[in-house]
Each structure stands twice: as structure tokens, then as C-alpha cells.
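What follows is a set of notes on a single structure, which appears directly below.
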Amino acid sequence: MRYSGDWLTTVLVGLPIGLSAVLGWPGGTSIPELLGWLGRVTGVGGLACLLVAAIMSVRLPRLDRHFGGLTRLWKQHHYLGLASLLLLMAHVLLMAFSRLPWGLPAMQEVLLPPMADAYMWAGWVALIAMMIFLAPSFQFFGRPDYQRWKAIHFLAGLALVAGVIHAVPLTRTFNLPMTLLVWGGLGGLAILVFFWRALIARPLMRQPWRVEAVRTLADRIVEIELRPTRHRRMDFEPGQFIYFTPHDPALSAGRNEEHPFTISSAPGGDTLKIAVKDLGDASHALQSLNEGSEASVEGPYGLFFPPESRHRKQLWIGGGIGITPFVSAAEAIHQGDWAEHWGEALLINCANDPSRAYYLEQLQQAAQDHPKLAIQSHYFVEHGPLNTDFIRQHCPDAAEREWFVCGPPALTRIARDIARELGVPSSSFHSEEFDFL
Ligand SMILES: Cc1cc2nc3c(=O)[nH]c(=O)nc-3n(C[C@H](O)[C@H](O)[C@H](O)COP(=O)(O)OP(=O)(O)OC[C@H]3O[C@@H](n4cnc5c(N)ncnc54)[C@H](O)[C@@H]3O)c2cc1C
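Have a look at this one:
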């Protein structure tokens with residue numbers, strides 16, 4: 006499925022590349038000329054990818070819908086970052102090799118420029134900063150600590166500024182007005198977004214909420230109910246998530262740290278609920294969050310159930326804590342507000358055993374009360390891994406349905422394989438993993 010944001014991204018990245026390729030075409034076919042041309046095009050492409058990736062990190066509620074939701078947007082941001090790094094490394098090598106006919110000193114001028122050549126050094130600063138801040142994103146040295154990864158990511162600001170300083174005087178394929186338009190426009194916006202995220206967004210976008218109740222759902226899982234303190238309730242859709250920042254001074258970890266959690270209650274209530282599984286320091290500490298403590302909430306974000314798919318018959322596959330978006334959707338249908346525009350849904354509730362099937366009673370009640378909802382439990386200890394036969398047996402028309410899958414990566418992989426085997430088009434398969442890295 007293509008979203009309007011995808012077209013915008015394609016234009017913002019593709020236009021500078023296309024322009025530099027056409028305007029900078031050397032005419033001749035000598036190898037050094039072609040290498041120089043490719044070097045300039047990869048440089049323009051790499052910088053455009055870097056700047057557009059930075060612009061995409063703006064994180065504004067509702068804007069992410071135009072990109073298919075924040076999780077999808079972060080994925081695109083991630084791949085643009087990788088593309089940028091690869092293109093810029095190729096840029097350096099191609100520019101150096103294009104000077105080979107003029108001897109090693111000419112090549113050296115690219116790889117080790119004279120100290121006085123500030124614009125060339127700015128390029129190196131940008132590339133080295135990118136290598137440092139992108140290495141953890143691609144887990145070159147194993148899975149990074151999330152908060153450390155976030156802190157290192159601030160080096161992106163240095164890469165953006167240095168990259169633009171390098172490009173403005175050195176982009177030879179654009180004339181001056183076009184250079185200012187392309188690099189001034191994209192670079193200016195990217196740097197603005199960076200400062201917005203680093204300095205302004207937090208105080209402006211986070212709203213004060215209070216922890217109304219904390220209930221134990223199962224071993225190492227709590228449900229937290231939140232109430233806004235100064236403003237009206239939050240408008241959200243099933244499947245969306247919030248950034249939750251607890252301020253409880255008694256927390257042993259994660260105080261004032263934001264973490265994303267899917268809303269598990271139905272839209273329209275005065276409070277909202279999230280369910281938190283103990284998966285690390287901060288989520289462990291949240292298990293003993295104090296009722297009445299203060300918190301901040303930012304959002305809502307995400308687009309798990311795209312509006313154009315909602316009216317169709319659906320198969321929901323929820324695993325472990327990945328059940329939360331389905332709890333919200335089932336409640337919304339159960340309460341009637343969303344039922345009219347929502348297709349029939351069968352939920353396959355995957356859990357290791359009945360003690361890990363969260364929200365089971367609530368979901369069964371909803372299915373009993375509403376004809377559009379049905380639920381089927383799948384227990385790993387009893388049925389083994391989810392497979393095609395299980396789906397065929399419990400959902401004979403699975404191939405004609407929209408698939409929504411939320412759970413651990415292994416479950417998403419299995420569900421995707423089954424969907425492929427059954428001939429479900431990839432546009433009808435929607436999945437979300439609780440992981441941005
Ligand atoms: C869109 C989305 C929805 C989610 N919904 C739920 C939910 O409904 N219930 C639930 O229990 N969990 C949910 N999670 C996962 C939850 O955010 C992490 O379990 C939590 O942030 C872990 O933090 P930690 O410090 O306890 O663990 P850590 O050991 O620090 O982190 C474990 C992993 O969680 C991820 N993570 C950690 N901190 C953050 C952060 N600030 N932002 C993004 N990812 C982070 C990283 O991948 C990290 O490797 C969701 C995650 C995402 C991305």
C-alpha cells in the first residue's frame with residue numbers, strides 16, 4: 006500500500022538525484038569522467054537520503070498516518086539512513102578513483118584533503134559522525150542499550166550541519182540558486198526538525214496525566230489506567246500507541262523516560278489503559294508504579310488498522326503482549342461505536358499456555374456479546390507452533406480476509422509464511438512488532 010508520504014519521500018530524494026544525474030552528465034564516456042559523475046550523483050543521493058531521514062523524524066501526531074503509521078515511518082527512516090551511509094561511502098571512493106589518471110596526490114586530495122580545505126573536511130566529519138551514530142542502529146556490535154542508542158543518535162545533528170556545509174560550495178552540477186534551493190531547503194528543514202526534536206518537542210507535545218489505577222493482569226504484566234489532568238480526553242483509534250513517561254519518584258528505573266505502549270482500552274472513554282510487560286529495567290519498574298503518581302503522555306501515533314481495510318472481513322493474530330491492539334479494537338466493536346464500519350473479525354489468541362493468555366475473559370465476553378467478533382485460543386504447549394492447518398481449520402476463508410498480526414517477531418514470521426502459502430496478497434497483511442530498533 007502506498008501512502009501520500011511515500012510519494013513525498015520519493016520526490017524529495019529522487020528529485021535531487023535525478024537533477025544531478027541529468028545536469029551533471031559529462032557527455033563523454035571516459036572512465037574517470039563517468040566515475041566523477043557517479044561520485045557526484047551518489048554524493049547528492051546520500052545527502053538527500055540523510056536530510057529526508059532527518060525530516061521524517063519530526064514525530065507529530067496524525068502526520069504519521071500519511072506514512073502508514075509511526076512504526077512504518079521509523080522503518081523508512083532507518084532504511085534511508087542505511088542508504089545514505091552506503092551512498093556516501095561510495096561517493097568518497099568514486100570521487101577518489103575518478104582522479105586516478107592525475108596520480109596518487111590527486112586521489113589523496115580527496116581521501117586526505119589539505120588541512121585548509123574546510124569544506125572537504127566537513128564532508129569527512131559528516132561521514133564519520135554517521136558511521137558512529139548509525140553503527141548501533143544496524144546492530145554492528147550487537148543489540149545496543151536503547152537509551153544509549155538514543156543518546157548517540159544526537160550525533161545526527163553534527164552530520165546534518167557538516168553535510169550541508171560540504172555540499173553547498175562543492176555541488177558542481179547545480180547552479181547557485183538551485184544549490185541554495187535544494188540544500189538550503191532540505192538542509193534547513195532537517196536542521197529545524199533536529200532542533201525541534203532535541204529541544205522543543207518534549208515540553209510542547211507531552212501532556213500531563215495521572216496514574217488512576219495499576220492492576221496486575223498476570224505474572225510480570227500490569228494494566229495502567231491513566232487520566233488526563235488538565236485537558237480533555239485523547240482522541241485515538243484502536244491499534245494506536247502512546248509515548249508514556251512516568252514521573253513517580255519511587256520508581257527504581259525509567260523515571261522521566263518515555264516508552265511506547267499500545268492503548269488497550271476502547272476510544273471514547275475518559276481514561277485510557279495500557280498493559281505493560283516486564284521486558285527490561287523500565288518496564289520492570291513500572292510493575293510497581295504508584296497509583297496517583299504523575300505521568301506524561303504523547304500521542305496518539307500509529308495506524309495498525311488502516312481505514313481502507315477495516316470494513317473487510319479480518320483475521321487477527323495476537324501473541325503475548327501483542328494482544329493489546331486487538332483488545333482495544335474488540336472493546337470498540339463490543340461497545341458498538343465502531344461496529345457499523347468494521348468487518349467481521351476472528352481473533353486467534355496465541356499464548357504459551359492459558360496462564361499467559363492476557364485479557365482472555367474480556368475478549369471472550371466481547372465475542373459472546375457481539376456477532377462480528379469470534380475468538381480462538383492457540384496454546385503453544387498444546388498445539389505447537391501456529392501452522393497452516395490450524396488456520397485452515399479455524400478460519401476456512403482466511404485467504405479472503407485482511408490479516409492483522411501483532412506479537413513477537415517469530416510469530417509474525419510464521420504468520421507471514423502461512424499467509425503466503427494461502428495466497429493472501431501482501432497488501433492484505435498488516436503486522437506490528439513492539440520494537441523500533
Ligand atoms: C509501537 C510499540 C508499541 C508497544 N506496545 C507495547 C505494549 O502495549 N505493551 C508492552 O508491554 N510493551 C509494548 N512495547 C514495547 C515496550 O515499549 C518496551 O518493552 C519497553 O520500552 C522496554 O523498555 P525497558 O527499559 O523495560 O527494556 P529495555 O531492556 O531497555 O528494552 C527492551 C527493548 O525494548 C525497546 N525499547 C526500549 N526502550 C524503548 C523506547 N523508549 N522506545 C522504543 N522502544 C524501546 C528496544 O527494542 C529494546 O531493545 C511497544 C513497543 C512499540 C515500539
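In this text, residue positions in the sequence shown follow my numbering: the first is 6, and each later residue adds one.
We put the beta carbon where it would ideally sit given N, CA and C, even for glycine.
Cβ shell of residue i (< 6 Å), same chain only, five flanking positions each side left out
i	result
A420	I322, V410
D69	L75, L78, Y306
D253	L294, N295, S298
I326	K282
H71	Y8, S9, G10
W42	G29, P31
Reduced DSSP category for residue i - H, G, I as helix; E, B as strand; rest coil
i	result
R232	strand
S257	coil
H383	strand
G274	coil
E38	helix
F199	helix
T227	In the sequence as presented, Thr is not what sits at residue 227; that position holds Val. Here V227 sits in strand by DSSP.
S314	helix
H96	helix
Residue range of the unbroken beta strand (DSSP E) whose run includes residue i
i	result
K282	277-282
Q319	319-324
T221	212-223
G304	299-306
W408	407-411
P265	264-267
L352	350-356
T176	Note, T176: premise wrong, no beta strand (DSSP E); not H, not E.
I141	Per the sequence shown, the amino acid found at residue 141 is Pro instead of Ile. Premise fails: P141 is in no beta strand (DSSP E) and is neither H nor E.
Residue range of the unbroken alpha helix (DSSP H) whose run includes residue i
i	result
F395	393-399
L152	Per the sequence shown, the amino acid found at residue 152 is Gln instead of Leu. Here the alpha helix (DSSP H) through Q152 covers 151-157.
S293	No alpha helix (DSSP H) contains S293, which DSSP labels as neither H nor E.
Spatial neighbours of residue i in its chain, beta-carbon cut-off 7 Å, leaving aside the 5 residues before and after
i	result
W214	L231, R232, P233, T234, A300, S301, V302
H388	F395
M210	E303
A337	P243, A271, P272, W343
Reference residue i, options the options, closest by Cα
i	options	result
S35	F102, Y248, R64	F102
G73	I326, I338, F310	F310
I279	A335, A218, E313, R260	A218
V18	P119, D150, A127, L191	L191
V16	S257, P312, V57	V57
Cut-off 8 Å between Cβ atoms - residues of its own chain near residue i, not counting five sequence neighbours on either side
i	result
L163	V130, A131, A134
L116	V97, A101
T276	E217, E230, L231, R232, R238, S270
T47	L92, L93, A95, H96, L99
Cβ distance (whole Å) where residue i is taken to contact residue j below 8 Å
i	j	result
L352	L365	Actually they are not in contact, since the Cβ atoms of L352 and L365 sit about 10 Å apart, beyond 8 Å.
T176	W188	7 Å
A59	V198	6 Å
I229	L294	6 Å
G348	Q319	5 Å
A127	A167	5 Å
Test: residue i CB closer than 7 Å to a CB of chain C
i	result
I279	Checking the listed chains, one finds no chain C in this structure; it contains a single protein chain.
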